[in-house]
Amino acid sequence: MSASSGRRARRLLLPLAVCAGVLLPALPAAADEPATVVGQLVQAYPEQAHPGHDGPDAPLSWVRTAAGESVRIPTEDVADVPAGSTVSVAVGGQVDDAAAGDGYEPAQDVLSTDVLADPATTAPPRGTLTNQVTVAMVVPAGGQQDGATLAQVVDAVNGPVATFWSTQTGGAVRLGVTAAHDWITTEAGCADPNALWAEVATDVGFVPGPGRHLVVYLSSTPADLPGCSYALGQVGSSPSSGGSLYVRDTLPSVIAHELGHNFGLGHSSGLQCDRALDSGTCRTAAYRDYYDVMGASWSQLGTLTAAQADRLGVLPSSARADVAVGDPALTVALSPLAGATGTRAVKLTAADGSVYWLEYRAPTGQDAWLGTAANRFALDAGVLLHRAGGFPDTSLLLDGTPSAASGWEGDLQDALPLGVPVPVDGGAFTVTVQAGTGAGATVTIVPGAGTPGAAPAQASRPAVLPGSAAPTAAPAPVASSTPAPPVATAPAAPTVPHVAAAQDLDEAAAVHPAESGSVRLVATAALALAGALLLATAAARLRRRVRR
Numbered sequence: 001m002s003a004s005s006g007r008r009a010r011r012l013l014l015p016l017a018v019c020a021g022v023l024l025p026a027l028p029a030a031a032d033e034p035a036t037v038v039g040q041l042v043q044a045y046p047e048q049a050h051p052g053h054d055g056p057d058a059p060l061s062w063v064r065t066a067a068g069e070s071v072r073i074p075t076e077d078v079a080d081v082p083a084g085s086t087v088s089v090a091v092g093g094q095v096d097d098a099a100a101g102d103g104y105e106p107a108q109d110v111l112s113t114d115v116l117a118d119p120a121t122t123a124p125p126r127g128t129l130t131n132q133v134t135v136a137m138v139v140p141a142g143g144q145q146d147g148a149t150l151a152q153v154v155d156a157v158n159g160p161v162a163t164f165w166s167t168q169t170g171g172a173v174r175l176g177v178t179a180a181h182d183w184i185t186t187e188a189g190c191a192d193p194n195a196l197w198a199e200v201a202t203d204v205g206f207v208p209g210p211g212r213h214l215v216v217y218l219s220s221t222p223a224d225l226p227g228c229s230y231a232l233g234q235v236g237s238s239p240s241s242g243g244s245l246y247v248r249d250t251l252p253s254v255i256a257h258e259l260g261h262n263f264g265l266g267h268s269s270g271l272q273c274d275r276a277l278d279s280g281t282c283r284t285a286a287y288r289d290y291y292d293v294m295g296a297s298w299s300q301l302g303t304l305t306a307a308q309a310d311r312l313g314v315l316p317s318s319a320r321a322d323v324a325v326g327d328p329a330l331t332v333a334l335s336p337l338a339g340a341t342g343t344r345a346v347k348l349t350a351a352d353g354s355v356y357w358l359e360y361r362a363p364t365g366q367d368a369w370l371g372t373a374a375n376r377f378a379l380d381a382g383v384l385l386h387r388a389g390g391f392p393d394t395s396l397l398l399d400g401t402p403s404a405a406s407g408w409e410g411d412l413q414d415a416l417p418l419g420v421p422v423p424v425d426g427g428a429f430t431v432t433v434q435a436g437t438g439a440g441a442t443v444t445i446v447p448g449a450g451t452p453g454a455a456p457a458q459a460s461r462p463a464v465l466p467g468s469a470a471p472t473a474a475p476a477p478v479a480s481s482t483p484a485p486p487v488a489t490a491p492a493a494p495t496v497p498h499v500a501a502a503q504d505l506d507e508a509a510a511v512h513p514a515e516s517g518s519v520r521l522v523a524t525a526a527l528a529l530a531g532a533l534l535l536a537t538a539a540a541r542l543r544r545r546v547r548r
């Protein structure tokens, strides 16, 4: 953060002050002279394909003027301004950040921000499709055409991607390709993605608007083209916002992931604490929810978490139970989240407004892969606990059987243990998974008296990126009379945020049973053999080793 950050002031001006077409002077030649830029706040998530990358996991931000010019600004400088807002931003000199090191244009320091108008409310277009997709195959400046075909991208969008979003939203999102354009070459490169999208839109006749999406397949050759992420998606405010994105892979899960950003979703990440559920020394690990399409992109399209579905407004009240601090104890028969009937989630609201979600993951429907060899990372079937959050991580998966910090990288088994009371939010709730079958799980929630314990604060950016060694200290945990179940230290696991299809096969070959000294209950194997679903995290568990 620059020294000027303390001078930032944000205020909502009266509607009479809004001038949608206002364009103030361009940035001065002297980089450190202040200038004012008026336009729409545009945000987009850059995704990375390979392990060990230290680039940003939060969205990048720009102010896009009415003339189509863009000025990149630090996202943390507009953390409280929704994407799509019309803003007037006073900017100063250039700011060094990781994105500039990746080839994006440098960001300008924000001196002050005025919000002129909130994001426009949009309605889906009428007709069979609520979301119309234009596909374009693009070679950016400095790139070379790769072997991907227009048919591959169109088939991915019209097939698994469209089916996924229709299923996840109960038919509220019905998307399909309405225009497709084969390879074109642009003068714009990846350093300014807004300029790239604008040039493509002009070339193919795409007109932005509610429910309209520009899906650009960007050549993957060369892989290290400056500024080109594995994928990049604009952040919208609702499923009807529309938006632009690019991908450098035809993997359906990454296309669905970027459309999720267009719909207004952030990432599904993991909260890992040192031998604790949600307190003590913790880190937020970006993308570390392999169950959900908004987490890691790999060969499977996992069901949206209850937190993400609720954010989209597609989790019906009839499909959930609500429990608040001070309520009486409640026992719930949870149906599989991927099913279509019964109570599929429980919303827990703490005294400070923090929201947690219980959901039951079973190998059925969209999650059927959990019970097959396609479950390459040996993810648990069972009851999961998530915490809802703000951007960039709108859903955080908590580890129901937490490891020591030394074992974080290898611990991908997160379901709550069977028969063990688990304190949540410092004892604001105690959750016990009583039993489970293929049709559902029985869960008892005992709310506390209304005084939540200390929990790690979620910053605007994850505290530690995947692969980083140093955890971040959070507030001290509240003492609990229920000790956490002992867990073995697991070997290192892949920490890549996105796993390409070819890599996926290699990862699968690296999953082996651990030595006999570690005991772990594997629910999916039991289901495949016996047809009955056992919860995957009893107090004693057979660890699986996942290595690169």
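For reference, each letter of the sequence shown is one residue, going 1 to 548 in full-length UniProt numbering. Every residue, glycine too, gets a C-beta built ideally from N, C-alpha and C. Note that the structure is predicted; figures quoted are calculated from it, not measured.
Strand pairing of Glu-359, partner residues [DSSP] = Glu-359 pairs with Ala-345, Leu-384.
In terms of alpha-carbon separation, which member of Val-81, Asn-131, Ala-256, Leu-337 lies closest to Pro-210?
-> Looking at the Cα atoms, Asn-131 is the closest of the given residues.
For Gly-448 and Val-235, the rounded distance between their alpha carbons = Val-235 and Gly-448 have their alpha carbons spaced roughly 37 Å apart.
Supposed close pair Gly-400, Ala-415 - CB separation, criterion 8 Å = For Gly-400 against Ala-415, the beta-carbon gap comes to about 5 Å, under 8 Å, which counts as contact.
Among Trp-408, Ala-441, Gly-438, Gly-39, the one whose alpha carbon lies nearest that of Ala-276 = Of the listed residues, the one whose Cα sits closest to Ala-276 is Trp-408.
In whole angstroms, what separates the C-alpha of Gln-300 from that of Ala-107?
-> Each residue's alpha carbon lies about 35 Å from the other.
Just the C-alpha distance for Pro-491 and Cys-228, rounded to the nearest angstrom, thanks.
-> In this prediction, Pro-491 scores a pLDDT of 30, lower than 50, which makes its location untrustworthy; no coordinate-derived value is stated.
Report the three-state DSSP secondary structure of Asp-393 (helix, strand or coil).
-> In the three-state DSSP reduction, Asp-393 falls in the strand class (E or B).
Nearest CA to the CA of residue 553: which residue from Gly-438, Tyr-356, Leu-412, Thr-442?
-> Only positions 1 to 548 of the chain appear in this structure, which leaves residue 553 out of reach.
Close Cβ partners of Gln-144 (< 8 Å) along its chain, the five nearest in sequence each way excluded = Correct list, in chain order: Ser-219, Thr-221, Pro-222.
To the nearest angstrom, how far is it from the Cα of Leu-348 to the Cα of Tyr-290?
-> Computed Cα separation, rounded: 23 Å.
Member of Gly-142, Glu-76, His-267 whose CA lies at the smallest distance from the CA of Leu-111 = Per the Cα distances, Glu-76.
Report yes or no: do three or more beta-carbon pairs, one from the region 303–314 and one from the region 411–431, lie closer than 8 Å?
-> Too few Cβ pairs lie closer than 8 Å, so no.
Classification of residue 588 by the beta-carbon crowding that lies within 10 angstroms, buried from 16 upward | Look at the range of the chain in this structure, 1 to 548, and you will see that residue 588 is not part of it.
Looking at the unbroken beta strand (DSSP E) that takes in Val-71, where does it start and where does it end?
-> Where Val-71 is concerned, the enclosing beta strand (DSSP E) stretches over 70–73.
List the whole-angstrom C-beta distance separating Leu-412 from Leu-271, where the pair is believed to meet the contact cut-off of C-beta under 8 Å.
-> The pair is not a contact, with the Cβ atoms about 14 Å apart (cut-off 8 Å).
Among the residues of its own chain, which have a CB less than 7 Å from the CB of Ala-340, if the five just before and after it don't count?
-> For Ala-340, where only same-chain residues beyond five positions count, there are no Cβ hits under 7 Å.
With DSSP run on the structure shown, which of helix, strand or coil describes residue 580?
-> Residue 580 is absent from the model: the chain starts at 1 and stops at 548.
From the DSSP output, in three-state form, read off Thr-281 for me.
-> Of the three classes helix, strand and coil, the one that applies to Thr-281 here is strand, per DSSP.
Is the region 246–260 touching the region 139–159 in the sense that three or more CB pairs, one from each, lie closer than 8 Å?
-> Inter-segment contact for the region 139–159 and the region 246–260 is present: three or more beta-carbon pairs are separated by less than 8 Å.
Whole-angstrom Cβ separation of Thr-303 and Gln-366, contact assumed at under 8 Å?
-> So it is a contact: roughly 4 Å between Cβ atoms.
Can you name the start and end residues of the alpha helix (DSSP H) that Ser-253 belongs to?
-> Under the DSSP assignment, Ser-253 falls in the alpha helix (DSSP H) whose first and last residues are 252–262.
Ordered along the chain, which non-local residues of its own chain (more than five positions away) have a Cβ less than 6 Å from that of Phe-164?
-> Contacts found: Ala-256, Leu-301.
Terminal residues of the continuous alpha helix (DSSP H) containing Val-443?
-> Judged by DSSP secondary structure, Val-443 falls outside any alpha helix (DSSP H) and instead within the beta strand (DSSP E) spanning 440–447.
Could you check the C-alpha separation between Trp-369 and Ala-141 for me, to the nearest Å?
-> Here the alpha carbons of Ala-141 and Trp-369 stand approximately 40 Å from one another.
Could you give the DSSP three-state label for Val-311: helix, strand or coil?
-> Checking the sequence shown, residue 311 turns out to be Arg, not Val. Three-state result, Arg-311: helix.
Thinking C-beta only, is Arg-212 closer than 9 Å to Gly-242?
-> Taking 9 Å as the cut-off, the beta carbon of Gly-242 is found closer than this to the beta carbon of Arg-212.
Any idea if Val-38 is buried or exposed, counting beta-carbon neighbours within 10 angstroms, 16 or more meaning buried?
-> When all chains shown are included, Val-38 counts as buried.
Work out the CA separation of Gly-101 and Thr-305 for me, nearest whole Å.
-> About 33 Å.
What are the residues that DSSP puts in a beta bridge with Thr-437?
-> The partner list for Thr-437 (beta bridge, DSSP) reads Gly-440.
Would you decide whether Val-293 is buried or exposed? Buried here means 16 or more other CB atoms lie within 10 Å of its CB.
-> Residue environment for Val-293: buried (at least 16 other C-beta atoms within 10 angstroms of its C-beta).
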